[in-house]
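Residue numbers (our numbering), protein chains in the order written: chain A, -5 to 106; chain B, 2 to 114.
Don't be surprised by glycine CBs; every beta carbon is placed ideally from N, CA and C.
To start, the structure itself, in structure tokens.
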């Protein structure tokens, strides 16, 4: 089992729709969770961090964390073509070895 | 305004010719990381420095070395690049280990001819 799993997609949504991106992780003791956006040929850009169960909202983005289910999600409301990118889920394991664990990423395509 | 700066943005080298990639930061973060990312794959951690303490990942080839002469700068040396080393190399920093956000530079796209 991979430590952080994401569906590679592509996930295709029409402009204006809600895009839902999902991530599961294997280490139950993990405490810190991040979503990075990566455009093709560019470096990852942090868009959300979440540490506690529940929802965290920032503009059109909402991160959701359920530690009991070991599940993190990212919702993008009113999706725009400029949101088309790969979204990487990243998790700090409790071992504190310096290794932030990345998922493989989900490619999102927002169609005008 | 840039906080983590990588140079160059694109690097072309020849098979077997040593190459050095550089990274600098203005955040005064303790930790600096080097990741390798190939197309459609997750970033793969090569090593990290916590201050001057070097931490190598077990599966990082010996061909890859790193130096951190001071808090601000970190270098990635590839001693004898092979075709399989063509990738995006990402430098990142964080204030500390665990729970901390990583801030990435713009990356260096390495091509090996």
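Outcome for residue 0 of chain A when other beta-carbon atoms lying within 10 angstroms are tallied against a minimum of 16 | buried
Which residues, taken in chain order from the stretch 40 to 65 of chain B, show a beta carbon closer than 8 angstroms to some beta carbon of chain A?
-> 41, 42, 43, 44, 46, 49, 51, 56 and 58
Is there contact between the stretch 40 to 48 of chain A and the stretch 14 to 31 of chain A, where contact requires at least three CB pairs shorter than 8 angstroms?
-> yes
So, is the C-beta of residue 98 of chain A closer than 8 angstroms to a C-beta in chain B?
-> yes
For the beta strand (DSSP E) holding residue 54 of chain B, just list the boundary residues, first then last.
-> Counting along the chain, the beta strand (DSSP E) containing residue 54 of chain B begins and ends at 54 to 57.
Along the chain, where does the beta strand (DSSP E) that runs through residue 28 of chain A open and close?
-> For residue 28 of chain A, the uninterrupted beta strand (DSSP E) run begins and ends at 26 to 32, by DSSP.
Whole-number beta carbon distance between residue 5 of chain B and residue 106 of chain B, since they are thought to touch under 8 angstroms = 4 angstroms
Assuming residue 78 of chain A contacts residue 103 of chain A (C-beta within less than 8 angstroms), just tell me the rounded distance between them.
-> Between residue 103 of chain A and residue 78 of chain A the Cβ distance is about 5 angstroms, and since that is below 8 angstroms, they are a contact.
Are residue 64 of chain B and residue 81 of chain B closer than 8 angstroms when you measure CB to CB?
-> yes
Smallest Cα separation from residue 53 of chain B: which of B:68, B:44, B:42 and B:41?
-> B:68
In angstroms with no decimal places, state the Cα-to-Cα distance between residue 71 of chain B and residue 9 of chain A.
-> 47 angstroms
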